[in-house]
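Residue numbers (the numbering used here): 10 to 440.
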């Protein structure tokens, strides 16, 4: 459980400013540095009661389950993994998660929203399996302008008697239609030589497991569902794992969804289409907090997207909605682009967890800090006679700097990766 020792200072109370303020970037840098210095003071304590995590002058987590109380009896490999998970959650909740966001999320679970001059259909509370909200699903279908994308690497198993093709990828077998799911140049290819009628589809999958020359691309829908979120996917597909990705965060109310989704999916699927994914929660309770809506693009495409962000900001500001469509908060480890509109950006930590299951600007940086603090603690314990002692803040800080460098994340500007900057001029940002 989390035990409050002293009321935490408002971590979101950063100096106001805009892109034309020459001091604003430095203010954000100094804020992140002070936050990392505070994280370095976190202590891991193992005593007779079990495992305890302490953030001086902030919070304390005490053992509240059998695993934590018997931490010292765990095999070291399991104990490390368990400690990292616990510590990451503790850091995120203590230093990144706003209590106000938690309260708003609970209050918003069953709220309906309307937009005065440009009506948004009143959302019903009806849900279907998995918590999918019907009112929001209608919005997604209406404002996602994507047409689907071609996904490469599907192995051809053969052609059925009705003309459909059996294809397989990662153990999933589907049947597709030539005209609807294949690229034009592949629609007339004769695939019958790859098909053996007396073999089952599973047997043919085994047979063609190593045949790379039978791989084709098939058209997939412009969206997919992941736990808690609807993911709109661009006509060029998602961002490749081989390139550096950047995420743009919108601290958005549901009323902003049509503006954000329609603006982005229309422009990014046009003549200058780029790979992207746009993550939006499929339940009203998910639209609280600074990472409510997330656009992932290639880092090199940020300049192309900036005018679209300005358009979204201006459109939301001019709305007749009583409550602002974009709030003014942003993730603590993201760089604010428009502090008055809650739009921010951070580079993705490569080689980390997947975007949909457990990643964000704050969670990914909390994960790096947790790994560093655990490594520092274990190194200290191996050379210390008193098991109750902990490494100093300076030792922890050094371990954190090393871990950030290993992950190629800038220590001075933790929202940037250590690759050449994408320069965004003031003129580009505000046009």
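All residues carry an ideal CB built from backbone N, CA and C; glycine is no exception.
Problem - Reduced DSSP secondary structure (H/G/I, E/B, other) of residue 408 - result: On the chain shown, position 399 is the one that residue 408 refers to. Note: residue 408 maps to helix in three-state DSSP.
Handout entry: 7 Å Cβ cutoff met for residue 356 and residue 425
Key = Reading the chain shown from its first residue, position 347 is the one you call residue 356. Reading the chain shown from its first residue, position 416 is the one you call residue 425. Yes, they are a contact pair.
Practice task
State the DSSP-derived secondary structure class of residue 61, mapped to helix, strand or coil.
Solution key: In the chain shown, residue 61 corresponds to position 52, counting from 1. Note: residue 61 maps to strand in three-state DSSP.
Handout entry: Straight-line Cα distance separating residue 48 from residue 329
Key = To locate residue 329, count along the chain shown from 1; it is residue 320. To locate residue 48, count along the chain shown from 1; it is residue 39. Each residue's Cα considered, the two are about 41 Å apart.
Practice task
Report the option in 105, 85 and 80 whose CA atom is closest to the CA atom of residue 40.
Solution key: Taking the first residue of the chain shown as 1, we reach residue 40 at position 31. Checking every option, the nearest Cα to that of residue 40 belongs to 105.
Exercise for the section: Could you tell me the distance, in whole angstroms, from the CA atom of residue 262 to the CA atom of residue 194? Expected result: For the purposes of this step, residue 262 is taken as the residue at position 253 of the chain shown. For the purposes of this step, residue 194 is taken as the residue at position 185 of the chain shown. Answer to the nearest angstrom: the Cα atoms are 44 Å apart.
Handout entry: Contacts around residue 337, its chain only, beta-carbon distance under 8 Å, and the 5 residues preceding and following it disregarded
Key = Here residue 337 refers to the residue found at position 328 of the chain shown. Here the set comprises 260, 348, 349, 350 and 351.
Handout entry: Beta-carbon separation (whole angstroms), residue 181 vs residue 174, contact threshold 8 Å
Key = Mapped onto the chain shown, residue 181 falls at position 172. Mapped onto the chain shown, residue 174 falls at position 165. The pair is not a contact, with the Cβ atoms about 14 Å apart (cut-off 8 Å).
Exercise for the section: Output yes or no for whether 7 Å exceeds the beta carbon distance between residue 275 and residue 306. Expected result: Here residue 275 refers to the residue found at position 266 of the chain shown. Here residue 306 refers to the residue found at position 297 of the chain shown. Going by C-beta atoms, residue 275 is not nearer than 7 Å to residue 306.
Exercise for the section: Look at residue 60 and residue 87 and say whether their C-beta atoms are less than 7 Å apart. Expected result: Residue 60 sits at position 51 when you count from the first residue of the chain shown. Residue 87 sits at position 78 when you count from the first residue of the chain shown. In this structure, residue 87 does not lie closer than 7 Å to residue 60 by Cβ.
Exercise for the section: With a 10 Å radius around its C-beta and 16 neighbouring C-beta atoms as the bar for buried, classify residue 334 as buried or exposed. Expected result: If you number the chain shown from 1, residue 334 lands on position 325. By the 10 Å Cβ count, residue 334 comes out buried.
Exercise for the section: Just the C-alpha distance for residue 281 and residue 408, rounded to the nearest angstrom, thanks. Expected result: Here residue 281 corresponds to residue number 272 of the chain shown, with the count starting at 1. Here residue 408 corresponds to residue number 399 of the chain shown, with the count starting at 1. Whole-angstrom Cα-Cα distance: 43 Å.
Practice task
Decide if residue 331 is buried, meaning its Cβ has at least 16 other Cβ atoms within 10 Å, or exposed.
Solution key: By 1-based counting over the chain shown, the position of residue 331 is 322. Result: exposed.
Exercise for the section: Look up residue 159 in the DSSP assignment and say whether it is helix, strand or coil. Expected result: Position 150 of the chain shown, counted from the start, is the residue given in the question as residue 159. Correct three-state label for residue 159: strand.
Practice task
Measure the C-alpha to C-alpha separation of residue 147 and residue 268 and round it to an integer number of angstroms.
Solution key: On the chain shown, residue 147 is found 138 positions in, with the first residue counted as 1. On the chain shown, residue 268 is found 259 positions in, with the first residue counted as 1. Each residue's Cα considered, the two are about 15 Å apart.
Problem - Alpha carbon of residue 301 to alpha carbon of residue 149, nearest angstrom - result: Counted from its first residue, the chain shown places residue 301 at position 292. Counted from its first residue, the chain shown places residue 149 at position 140. Spanning the two alpha carbons is a distance of roughly 15 Å.
Practice task
For residue 283, verify whether its CB is less than 6 Å away from any heavy atom of the ligand GTP.
Solution key: Ligands displayed in this structure: none; no statement on the ligand GTP is therefore possible.
Problem - Buried or exposed (CB count within 10 angstroms, at least 16 for buried), residue 197 - result: For the purposes of this step, residue 197 is taken as the residue at position 188 of the chain shown. Exposed.
Handout entry: Residue nearest to residue 299 in terms of C-alpha spacing, selected from 343, 419 and 66
Key = On the chain shown, position 290 is the one that residue 299 refers to. Of the listed residues, the one whose Cα sits closest to residue 299 is 343.
Handout entry: Proximity of residue 321 and residue 272 at Cβ, strictly below 7 Å
Key = Here residue 321 is taken as the residue at index 312 of the chain shown, counted from 1. Here residue 272 is taken as the residue at index 263 of the chain shown, counted from 1. In this structure, residue 272 lies closer than 7 Å to residue 321 by Cβ.
Problem - residue 168 - DSSP class collapsed to helix/strand/coil - result: Counted from its first residue, the chain shown places residue 168 at position 159. Residue state, collapsed to three classes: strand.
Handout entry: Option in 170, 164 and 199 with minimal Cα separation from residue 183
Key = Here residue 183 refers to the residue found at position 174 when the chain shown is read from its first residue. Closest option to residue 183, Cα to Cα, is 164.
Handout entry: Integer-rounded CB distance, given that residue 249 should sit under 8 Å from residue 161
Key = If you number the chain shown from 1, residue 161 lands on position 152. If you number the chain shown from 1, residue 249 lands on position 240. So it is not a contact: roughly 11 Å between Cβ atoms.
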